[in-house]
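The block underneath contains the structure these notes are about, expressed in structure tokens.
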Amino acid sequence: MEINQILSQKRKPRSRTVMRVSQRLNPARAKRNPLPTPARCFRQEETKKTRKKTRIIRTKKRTTGKRDERPPSPEIEFDDLEEFVLQPAPQGITIKCKVMRDKRGMDRGFYPTYYLHLDNDKKVFLLAGRKRKRSATSNYLISIDATDLSRGGENFIGKLRSNLMGTKFTVFDNGLNPDRALRDMSNARQELAAIIYETNVLGFKGPRKMAVIIPGMDDDNERVPICPRTDNDNILMRYQNRQMDNLIELHNKTPVWNDDTTSYVLNFSGRVTQASVKNFQIVHSKDNSYIVMQFGRVADDVFTLDYNYPMCAVQAFAIALSSFDGKLACE
């Protein structure tokens, strides 16, 4: 069923002009090496002069005769995979990816492995994720190595953890739990995002509703470190108490009911071709036309994932993983 060419969406010109989602949103990247001296709860940041740059090679739009179809993802080159997946997308550039779900194997029907690749000719691998077994709540490990999904592996880059009902999720980097971190919190884990799904206690049919909270950017163009010492100061609790300083609040774009198709529809500009409850777009509350992220099905086990500034690949992939997790309270 076609669901991607229903609503018209204004496309902003790609240029060096800042595409505002909120104030003070600027690219930054985080490293996991501990600081040599005490610091405020975040790992050492590379300076602008020493940071490895991501090279974007723009591609010409293909003429297919179809309206509202976006050009293929530009060719993207980077020197350090870990750096790339943690840094926000360049302003004005949509990073187009595909998520592959692998259910093959004895237990992968219950614990599939998910792979994130760039959606261009080279199909460059970015991230892999898998749900951990024997965990009290849903817990996904995220790795920059498709063959190494172990918690203690050197390629472990982050994790996604849910509450007991599967309605609230937190995305962490690979730092240590605050209880095991140094006193100055220099090697403590950062919270990269929180995802909140609205519960559906009455069982009404309709699209899922979700909010996504990510750290903001500071005046030095660096991601604000969120390293709570206790659960009372984490992103979820701050969102619940409306303490939104240095946080960016996003939410899913509300689909529109279409009488002809008798379904809820969104304009995915040709990037999503099959109807699914997992299809969604993430926007900012102050700019509903700027798509920060979109995700949707194109085959049984294949999904497209596109993200824009200020989101990074780890955040976007973790949000996608949360959509795969079972949510009895949301259906």
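Going by the UniProt record's numbering, 284 is the number at position 284 of the sequence shown; the sequence numbering is gapless.
Every residue gets a Cβ at the ideal spot worked out from N, C-alpha and C, and that includes glycine.
Boundaries of the beta strand (DSSP E) in which residue i is found, first to last residue
i           : result
residue 299 : 287 to 299
residue 281 : 280 to 284
residue 215 : 210 to 215
residue 194 : 191 to 197
residue 154 : Unbroken run through residue 154: none, as it is neither H nor E.
residue 222 : No beta strand (DSSP E) holds residue 222; DSSP gives it neither H nor E.
residue 76  : 75 to 77
Length of the line joining the Cα atoms of residue i and residue j
i           : j           : result
residue 222 : residue 140 : 26 angstroms
residue 84  : residue 230 : 29 angstroms
residue 326 : residue 285 : 27 angstroms
residue 322 : residue 305 : 13 angstroms
residue 97  : residue 298 : 12 angstroms
residue 211 : residue 240 : 11 angstroms
residue 196 : residue 167 : 6 angstroms
residue 313 : residue 89  : 8 angstroms
residue 292 : residue 82  : 21 angstroms
residue 255 : residue 311 : 22 angstroms
residue 264 : residue 186 : 46 angstroms
residue 179 : residue 270 : 47 angstroms
residue 207 : residue 277 : 6 angstroms
residue 216 : residue 159 : 20 angstroms
residue 157 : residue 144 : 7 angstroms
residue 189 : residue 258 : 44 angstroms
residue 118 : residue 283 : 22 angstroms
Any non-hydrogen atom of the ligand HEM closer than 6 angstroms to residue i Cβ
i           : result
residue 260 : As for the ligand HEM, it is missing from this structure, which has no ligand bound.
Extent of the continuous alpha helix (DSSP H) run through residue i
i           : result
residue 86  : 81 to 86
residue 323 : 313 to 324
Cross-strand partners of residue i (DSSP beta bridge)
i           : result
residue 303 : 99, 297
residue 160 : 140, 171
residue 274 : 297
>> If we require 4 or more residues per run, which alpha helix (DSSP H) segments fall completely within the segment 230 to 266?
In response: 235 to 240
>> Can you confirm whether the segment 148 to 165 touches the segment 123 to 136 when touching is taken to mean that 3 or more C-beta pairs between the two stretches lie within less than 8 angstroms?
In response: yes
> What are the complete beta strand (DSSP E) segments, minimum 3 residues, inside the segment 102 to 151?
Replying inline: 113 to 118, 125 to 131, 139 to 143
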